[in-house]
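Colleague: Here it is, the structure in full.
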């Protein structure tokens, strides 16, 4: 059975007693790790969140309420750090590229169907706002899975023109997704997929 952190130990932590900090760390480090891993799906990053969380706890110990719920305080710190780390991951170019490459081909048979459908509708709206030629090229590439050369042959244009249209279409998609904070949302929804 787990020990409970009492108000006396929180008082000791506020006073800067390392033994109280160690007891709190031992009690909650695994829970913080599991929380971080739920968001990040990465052991090393989750371990970093644990360290950062408890550094934050130590640095702000004077603000603690001795009668308060210490786990709730730690949980809020850990969740904020995890979400910030997730946002940074999502803003990386590599993540955005992989996400957009899969965005129109995701098929999911779980409870996430509704969210994925909403995402696909959102993406479709962005695609529909692209210039007609870009729309066509994007769909031939991402939905029909044609190569740039195959698209160029079919549309009787140069492969370079196809490439330029794809670059512009992807730029537009990325900017809409990033600035709407949807990529962050997607990471939560699609974290079970192997990007």
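Numbering (the UniProt record's numbering), first residue to last: 1 to 195.
Idealized CB from N, CA, C, for every residue including glycine.
#1: Tell me the residue span of the alpha helix (DSSP H) that contains residue 148.
#2: Which same chain residues, not among the five before or five after residue 163, have their C-beta less than 6 Å away from its C-beta?
#3: Would you identify the three-state DSSP class for residue 76, choosing helix, strand or coil?
#4: Per the contact definition of three or more C-beta pairs closer than 8 Å, is the region 14-21 in contact with the region 30-49?
#5: Taking residue 127 and residue 121 to be in contact with their CB atoms under 8 Å, please state how far apart those CB atoms are, rounded to whole angstroms.
#6: By the DSSP assignment, the alpha helix (DSSP H) with residue 57 in it spans what residues?
#7: Tell me, to the nearest whole angstrom, how far the beta carbon of residue 79 is from that of residue 35; I am working on the premise that it is less than 8 Å.
#8: Nearest-angstrom Cα distance between residue 131 and residue 85?
#9: Taking the CB atoms as reference points, tell me whether residue 53 and residue 81 lie closer together than 7 Å.
#10: In the structure shown, what three-state DSSP assignment does residue 145 receive?
#11: By Cβ distance below 8 Å, which residues in the same chain neighbour residue 161 in space, the five residues on each side in sequence not counted?
#12: Quick check: the Cα distance between residue 20 and residue 9, rounded to an integer number of angstroms?
#13: Relative to the alpha-carbon of residue 24, which residue among 55, 37 and 48 has its alpha-carbon at the smallest distance?
#14: Could you check what DSSP says for residue 30 in three-state terms: helix, strand or coil?
Modeller: Considering the structure as presented:
#1: Start and end: 148-155.
#2: Here residue 163 has 148 as same chain residues with Cβ atoms under 6 Å from its own Cβ, once five neighbours each way along the sequence are excluded.
#3: Of the three classes helix, strand and coil, the one that applies to residue 76 here is helix, per DSSP.
#4: Result no; under three Cβ-Cβ pairs closer than 8 Å.
#5: Between residue 127 and residue 121, the beta carbon gap of about 11 Å keeps them out of contact (Cβ cut-off 8 Å).
#6: Secondary structure note for residue 57: its alpha helix (DSSP H) is the uninterrupted segment 43-59.
#7: About 6 Å separates the CB atoms of residue 79 and residue 35; that is less than 8 Å, so the two are in contact.
#8: If you take the alpha carbons of residue 131 and residue 85, they lie about 35 Å apart.
#9: Using a Cβ distance threshold of 7 Å, residue 53 and residue 81 count as a contacting pair.
#10: Correct three-state label for residue 145: coil.
#11: Setting aside the 5 residues that flank it on each side, residue 161 is surrounded in the same chain by 152, each with a C-beta closer than 8 Å to its C-beta; the list follows chain order.
#12: Computed Cα separation, rounded: 6 Å.
#13: Among 55, 37 and 48, the Cα nearest to that of residue 24 belongs to 55.
#14: In this structure, residue 30 counts as helix in the three-state DSSP scheme.
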